[in-house]
Each structure stands twice: as structure tokens, then as C-alpha cells.
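Student:
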Amino acid sequence: MSLVAVWTAEHRLHDPDGEVWLGVRVPGSEVPERGEVLRRALEEAGVEVHEPTPHGRESILAVHDQGMVSYLEDAYRGWVEAGYTENPGQNRVVPYVFPHPDAIAEVGFRLPASRGALAGVYCMDTATLIGPGTFAAAVAAVDCALTAADMVLNGADTAYAAVRPPGHHAGTTFFGGSCYLNNAAIAAQYLIDAGAGPVGIVDIDAHHGNGTQQIFYRRAEVSYASVHVDPDRGWFPHFLGRGDERGAGPGAGANLNLPLPPGTGDEGWVEAVKRAVEFTAGRNPEVVVVSLGVDPGAADPESPLRVSNVGFAEAGELLAGLGTPAILVQEGGYDLDSLGPDVMAILTPFRPRRLG
Ligand SMILES: [Zn+2]
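Numbering-wise (the numbering used here), the sequence shown opens with residue 8 and increments by one.
Take a look at the structure:
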């Protein structure tokens with residue numbers, strides 16, 4: 008087996024500079040240093056790291072709405088032009104009003120004239136701030152995921168996209184949860200379009216990948232299995248991620264959610280990953296895409312799961328055991344001390360096995 012990685016310094020262009028949580032600007036945890044930590048971990052482990060190749064917009068628009076992508080590209084410029092950086096003095100794009108479905112149901116949706124109101128059209132929360140380099144960094148992350156997909160299409164066993172910002176909370180027409188473009192979903196669709204055959208997505212991030220689920224909910228050729236902290240116990244993304252969400256239409260039965268109670272450690276978490284892997288194997292995918300979040304880690308500030316480095320290593324063994332070509336795309340993981348070791352614990356079983 009072989010393992011290669013894709014990374015770009017362009018992730019540094021995205022500095023969310025915090026988030027607005029319950030109305031208060033707090034520091035946030037999706038910080039640029041995460042990208043540097045990942046790069047150092049790969050170098051120290053001797054993993055071959057490649058630059059991404061640009062892939063243009065076509066693959067992004069195969070998954071995301073043109074209006075949302077155009078908005079993301081122009082959001083910061085429009086915000087500055089509207090004067091909000093001066094009055095009220097907000098240096099990042101953040102919504103204050105959202106088009107509630109019932110409020111507009113009788114007349115349908117029409118775009119608002121105000122740039123401040125526009126900020127709530129595509130964004131599902133107030134925690135996903137847009138700065139001057141956010142869109143460029145999000146596109147660069149997609150390019151990393153697509154370059155990893157190319158490597159697997161060209162014969163690599165495993166390719167890891169060491170990206171930020173993450174992507175699995177972004178859906179067709181919405182973004183949020185520190186995500187802007189859905190790197191893993193775009194890679195999965197790209198593989199389908201390249202004729203790679205059915206794709207199985209396994210999402211081990213601590214939070215349910217509501218965006219990925221939405222994108223493929225009615226699709227039979229892409230399965231989605233997610234292990235995450237139970238939204239019914241009060242955790243993000245709150246409105247989705249329950250066990251009875253099984254897919255619809257041609258995608259009925261192709262979606263598996265395995266919500267876990269807060270405090271779940273290695274035993275319960277690894278068992279759930281095993282179920283996700285078995286479900287995915289049962290769908291007979293030609294390629295597996297792993298949404299690799301290590302925020303289930305015990306030290307992580309964003310989740311109440313309690314997985315150890317040993318638990319991540321066991322998950323890596325299970326995922327590698329699928330035996331299919333795999334793309335691993337970085338999602339969450341916010342404790343800067345355990346981020347590198349926990350990611351390497353998952354990747355290590357995918358590395359070449361040396362003989363005696
Ligand atoms: Zn997460």
C-alpha cells in the first residue's frame with residue numbers, strides 16, 4: 008500500500024478571527040495554526056507531501072449552488088463596500104437575519120437588497136465568519152481534495168488531503184459550522200463523474216456531517232455513514248444526525264447515522280466505527296472517502312467524546328481494512344497538541360507495511 012498527502016500554504020489565507028457564538032464574539036478553534044500542525048506531523052512522519060493542482064469551478068458547481076459559490080466569492084468585498092467594517096465595526100462577514108422558511112413560504116424566496124441581510128441567505132449559523140482570504144482558501148482546500156482524488160484515480164492506494172477550512176457541514180445551497188465548500192463531497196462527486204464507480208463516505212468527525220448527508224441523501228451510488236455525538240443530547244449541528252435518517256428515494260437505505268452519547272470513549276466509539284465500516288463494505292464501493300475529523304479526541308474543546316490515540320489507531324485499522332482505494336479528507340480536530348498524533352494514528356495503518 009502507499010500513502011501520499013496533499014497540502015497547501017494557501018490555507019493561511021483563511022483567518023476566521025473567531026466566531027459569534029450565542030451572540031458573543033469568541034476566539035473560535037478553527038485557527039490557521041491547525042494547518043501548520045498537520046504539515047509538521049506529515050513531515051515528521053516522513054509522508055510524501057504534494058502541492059495541489061488547480062481544478063477550476065466545474066467540480067465545485069457539480070455539488071454546490073452557483074448562487075452560493077458566487078456569494079462566497081464576493082461576500083467580503085461586498086461587506087467592506089457596504090461599510091460594515093467601519094459601522095458597526097465588524098471585520099468579518101456575519102449574518103444577523105435569516106429567511107425563515109415559513110416567513111417566505113407564501114411568496115417564495117427573493118434575494119434581499121442589503122448586504123447584511125444577504126449574509127443570512129446561504130449561511131446557517133453565526134459561527135462561520137468570512138474574511139478577505141476565506142474563499143481562496145476554501146477553493147484551495149477543494150483543490151487538495153481533488154488532487155488526492157486524482158492520485159487515487161491514477162493508482163495510489165491512499166491519498167490524504169490535509170486541508171482547512173473543513174467541509175462536511177456545507178450543503179448544496181448552505182454553509183456553516185466553520186465549513187464553506189464541502190471538500191469530501193466534491194471529491195466523491197468527482198470520483199463518480201470520473202467513472203470510479205460507487206463511493207462510500209465514512210465520516211468519523213465528532214459532529215454529524217449534515218452537509219454531506221443532504222448532498223447525497225437521495226443518491227444510491229454514494230453511501231454516507233457517520234459516527235458522531237448525538238444531536239438529541241444537545242450537540243451541533245442540532246437539527247440533523249439522528250439514527251432514523253436513512254436516505255430517501257433512490258438513496259433510501261444508503262445513509263447511516265450512529266449518534267453516540269457524550270462521554271463515549273474508545274470502546275463505544277470504535278464499535279460504532281466498525282458498524283459504519285461494515286455498512287460501507289455492504290454497499291460495495293469502489294472508492295472510500297473518509298471525512299477524517301479527530302475532534303472525538305478526549306482533549307478536544309469542541310466535543311464531549313473521549314477517544315484516545317489508541318482508539319484512533321483502531322479506527323485506522325478498520326478503515327484501511329476495507330481494502331479499497333481511499334481518500335482521507337481532514338475535517339475537525341481542534342486540540343493543537345493531539346491533532347497531529349491522532350491524525351497519524353489513523354493514517355499509519357494505510358502506510359506501506361515493511362517486511363521483517
Ligand atoms: Zn467536528
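All C-beta atoms, glycine included, are put in the ideal place defined by N, C-alpha and C.
Taking 6 angstroms as the line, does the beta carbon of residue 213 fall inside it for any heavy atom of ligand 1?
Tutor: The count along the sequence shown starts at 1 and reaches residue 213 at position 206. Indeed, a heavy atom of ligand 1 lies less than 6 angstroms from the Cβ.
Student: Which of the three DSSP states is assigned to residue 239 in this structure?
Tutor: If you number the sequence shown from 1, residue 239 lands on position 232. Correct three-state label for residue 239: helix.
Student: Does the Cβ of residue 342 lie closer than 6 angstroms to at least one heavy atom of ligand 1?
Tutor: On the sequence shown, residue 342 is found 335 positions in, with the first residue counted as 1. Residue 342 Cβ: outside cutoff for every heavy atom of ligand 1.
Student: Could you pull the start and end residues of the beta strand (DSSP E) that residue 28 belongs to?
Tutor: Residue mapping note: residue 28 aligns to position 21 of the sequence shown, counting from 1. Its beta strand (DSSP E) spans residues 26-28.
Student: Does the segment 226-238 come into contact with the segment 275-292, if we say contact requires no fewer than three beta-carbon pairs (one atom in each stretch) closer than 8 angstroms?
Tutor: Segments in contact, yes.
Student: To the nearest angstrom, how far is it from the Cα of residue 140 to the Cα of residue 185?
Tutor: For this step, residue 140 is matched to residue 133 along the sequence shown. For this step, residue 185 is matched to residue 178 along the sequence shown. Approximately 14 angstroms, taken between the alpha carbons.
Student: Do you know offhand how far residue 44's Cα is from residue 351's?
Tutor: Locating residue 44 in the sequence shown gives position 37, where the first residue counts as 1. Locating residue 351 in the sequence shown gives position 344, where the first residue counts as 1. Rounded to the nearest angstrom, the two C-alpha atoms are 12 angstroms apart.
Student: CA-CA distance, residue 58 and residue 174?
Tutor: Counting from 1 along the sequence shown, the entry for residue 58 is found at position 51. Counting from 1 along the sequence shown, the entry for residue 174 is found at position 167. Roughly 19 angstroms between the two C-alpha positions.
Student: Considering only the alpha carbon of each residue, which of 348, 357 and 356 lies closest to residue 50?
Tutor: Walking along the sequence shown from the start, residue 50 turns up at place 43. Considering only alpha carbons, the answer is 348.
Student: Work out the CA separation of residue 11 and residue 213 for me, nearest whole Å.
Tutor: Here residue 213 refers to the residue found at position 206 when the sequence shown is read from its first residue. Here residue 11 refers to the residue found at position 4 when the sequence shown is read from its first residue. For residue 213 and residue 11, the distance between alpha carbons rounds to 25 angstroms.
Student: Of all the beta strand (DSSP E) runs that stay within the bounds of the segment 318-360, which reach a length of 3 or more residues?
Tutor: Taking only runs of at least 3 residues, the beta strand (DSSP E) segments lying wholly in the segment 318-360 are 333-337.
Student: How close, in whole Å, do the beta carbons of residue 330 and residue 300 come, if the pair is a contact with beta carbons under 8 angstroms?
Tutor: As a first step, residue 330 must be located in the sequence shown, where it is residue number 323. As a first step, residue 300 must be located in the sequence shown, where it is residue number 293. Actually they do not touch by this definition, with Cβ atoms about 23 angstroms apart.
Student: Return the first residue and the last residue of the alpha helix (DSSP H) that residue 55 is part of.
Tutor: Working through the sequence shown from its first residue, we reach residue 55 at position 48. From DSSP, residue 55 is part of no alpha helix (DSSP H) but of the beta strand (DSSP E) over 55-57.
Student: Determine the direct distance from the alpha carbon of residue 75 to that of residue 191, and round the result to whole angstroms.
Tutor: Mapped onto the sequence shown, residue 191 falls at position 184. Mapped onto the sequence shown, residue 75 falls at position 68. Near 18 angstroms, if we compare the C-alpha coordinates of residue 75 and residue 191.
Student: How is residue 129 classed by DSSP in three states: helix, strand or coil?
Tutor: Locating residue 129 in the sequence shown gives position 122, where the first residue counts as 1. Coil at residue 129, not helix or strand.
Student: Which same chain residues end up closer than 8 angstroms to residue 362 when comparing Cβ atoms and leaving out the 5 residues on each side of it in sequence?
Tutor: As a working note, residue 362 is residue 355 in the sequence shown. Residue confidence is low: residue 362 scores 45 on pLDDT, short of 50, so the model does not pin down where it sits. Its coordinate-derived value is still stated next. No residues qualify anywhere along the chain.
Student: Apply the 10 Å Cβ neighbour rule to residue 107 and answer buried if 16 or more other Cβ atoms are within range, or exposed otherwise.
Tutor: Working through the sequence shown from its first residue, we reach residue 107 at position 100. Exposed: under 16 other Cβ atoms inside 10 Å.
Student: Between the Cα of residue 97 and the Cα atoms of 64, 358, 66 and 24, which residue gives the shortest distance?
Tutor: One-based indexing of the sequence shown puts residue 97 at position 90. If we check each option's Cα against that of residue 97, 24 comes out closest.
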